[in-house]
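*Asks:* Numbering (the numbering used here), first residue to last: 20 to 263.
Virtual Cβ for every residue (Gly too), placed ideally from N, Cα, C.
Before I ask anything, let me first share the structure, which is written out below as structure tokens.
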Amino acid sequence: MKARIFFALWIISWAILLPLTSAGSHVGTNSQLDRFTMGNVQPDKLVRYWAHLMCTWIFTFWVFHNVWREMQHFILIRQEYLTSPSRTGSIQAHTFLVTGVPASYSNPAALRELFKDLSGGILNIWTTSGLELIPNIAHRRMAAITKLEAAVTKFLAMAARENAGSGQLETTTKSQRPSHRVGIFGFWGKKVDSIEWACSEIATCNRRISAHMASKTLLHHKPYLMSAKYVDVSWKDVVWNNLN
Numbered sequence: 020m021k022a023r024i025f026f027a028l029w030i031i032s033w034a035i036l037l038p039l040t041s042a043g044s045h046v047g048t049n050s051q052l053d054r055f056t057m058g059n060v061q062p063d064k065l066v067r068y069w070a071h072l073m074c075t076w077i078f079t080f081w082v083f084h085n086v087w088r089e090m091q092h093f094i095l096i097r098q099e100y101l102t103s104p105s106r107t108g109s110i111q112a113h114t115f116l117v118t119g120v121p122a123s124y125s126n127p128a129a130l131r132e133l134f135k136d137l138s139g140g141i142l143n144i145w146t147t148s149g150l151e152l153i154p155n156i157a158h159r160r161m162a163a164i165t166k167l168e169a170a171v172t173k174f175l176a177m178a179a180r181e182n183a184g185s186g187q188l189e190t191t192t193k194s195q196r197p198s199h200r201v202g203i204f205g206f207w208g209k210k211v212d213s214i215e216w217a218c219s220e221i222a223t224c225n226r227r228i229s230a231h232m233a234s235k236t237l238l239h240h241k242p243y244l245m246s247a248k249y250v251d252v253s254w255k256d257v258v259w260n261n262l263n
């Protein structure tokens, strides 16, 4: 779009305005590129300024026309995407995250009663609690993912090395699997299988994080309550520290 806009402006301005300001007109000591500026129009030829005004109107109309045209195209593409089977079948297409919920509506029963008449119904409602824990849960999940990747890589490398040529990894015993301690700094505490622990930790964190997403639109008669609604919310896109 930008190339189409500026190419037309460039052609018109050079073909019309530059000759009008330079041909048969000279003011003071203007020379070189100064001859093509508006200041080079002589006082007895000020009628040429009408060309500048007309070009300004044409340029403005051309820019607005292209913006309107691109907006129409964007709306069409957006509607096609929103109504596509792959989009409408996803969970995020039917999920809303709403903030600013008053205490009187901070439980699923009250929210379901408020919106029980919505066409299509409400599948699930989750209310948030203890949001100060969410960043810690997210960090725990990332630490578990890192631990799982390292443990699996170490386990496969060790199994391949010890069973080189046999083509079997199943002969590796459970005692040979990567393990670590869950205590502070990993120096003491219960010793656990790293792969099993990481899988369990990731599943637990996923359940706790996903429970902080509401599923349907919410409204309230008081200003600023339930006014913020976010479509296609993923837990990774939420800055949990900003919620209150």
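Give the secondary structure of Ser103 by DSSP, where H, G and I count as helix, E and B as strand, and everything else as coil.
*Replies:* coil
*Asks:* Excluding the five sequence neighbours on either side, which residues of its own chain have a C-beta within less than 7 angstroms of the C-beta of Asn260, listed in chain order?
*Replies:* Pro154
*Asks:* Could you tell me which residues DSSP pairs with Val211 in its beta bridges?
*Replies:* His199
*Asks:* Is Pro146 near Ser125, with beta carbons less than 7 angstroms apart?
*Replies:* Looking at the sequence itself, residue 146 is Thr, so the reference to Pro does not match. Contact flag set, yes.
*Asks:* Compare the C-alpha of Ser213 against each of Thr223, Pro127, Ala163 and Val258 and name the closest.
*Replies:* Ala163
*Asks:* Under the three-state reduction of DSSP, which class applies to Pro38: helix, strand or coil?
*Replies:* Note: Pro38 maps to helix in three-state DSSP.
*Asks:* Using alpha carbons as the reference points, say which of Arg23, Val257 and Ser198 lies closest to Ala157.
*Replies:* Taking only the C-alpha atoms, the option nearest Ala157 is Val257.
*Asks:* Counting only the same chain and skipping the five closest in sequence on each side, list residues whose C-beta sits under 6 angstroms from that of Leu130.
*Replies:* Tyr124 and Ile144
*Asks:* Under the three-state reduction of DSSP, which class applies to Pro121: helix, strand or coil?
*Replies:* coil
*Asks:* With a threshold of 16 other CB atoms inside 10 Å of the CB of Val117, please say whether the residue is buried or exposed.
*Replies:* buried
*Asks:* How about Phe78 and Leu28: are their beta carbons less than 7 angstroms apart?
*Replies:* yes
*Asks:* Can you find the residues in the same chain that come closer than 8 angstroms, C-beta to C-beta, to Pro127, ignoring five residues on each side of it along the sequence?
*Replies:* Ile144, Trp145 and Thr146
*Asks:* Contact check, Leu167 vs Ile96 under 8 angstroms by CB: the rounded distance?
*Replies:* That belief does not hold up - the Cβ atoms of Leu167 and Ile96 are roughly 39 angstroms apart, past 8 angstroms.
*Asks:* Would you mind reading off the limits of the alpha helix (DSSP H) that contains Arg131?
*Replies:* Pro127 to Leu133
*Asks:* Buried or exposed: which applies to Trp216, given that a residue is buried once 16 or more other Cβ atoms fall within 10 Å of its Cβ?
*Replies:* Trp216 should be labelled buried.
*Asks:* What would DSSP say about Met20, mapped onto helix, strand or coil?
*Replies:* coil
*Asks:* Compute the Euclidean distance between the alpha carbons of Pro104 and Ala112, then round it to the nearest angstrom.
*Replies:* Straight through space, the alpha carbons of Ala112 and Pro104 are spaced by roughly 11 angstroms.
*Asks:* Does DSSP classify Ser32 as helix, strand or coil?
*Replies:* helix
*Asks:* Per DSSP, what kind of secondary structure is Ser109 in: helix, strand or coil?
*Replies:* coil
*Asks:* Helix or strand or just coil, what does DSSP make of Ile144?
*Replies:* coil
*Asks:* What three-state label does DSSP hand Leu137 in the structure shown?
*Replies:* coil
*Asks:* Within 10 Å of its beta-carbon, does Ala170 have 16 or more other beta-carbons around it, so buried, or fewer, so exposed?
*Replies:* That one is buried.
*Asks:* In this structure, does DSSP put Val257 in helix, strand or coil?
*Replies:* coil
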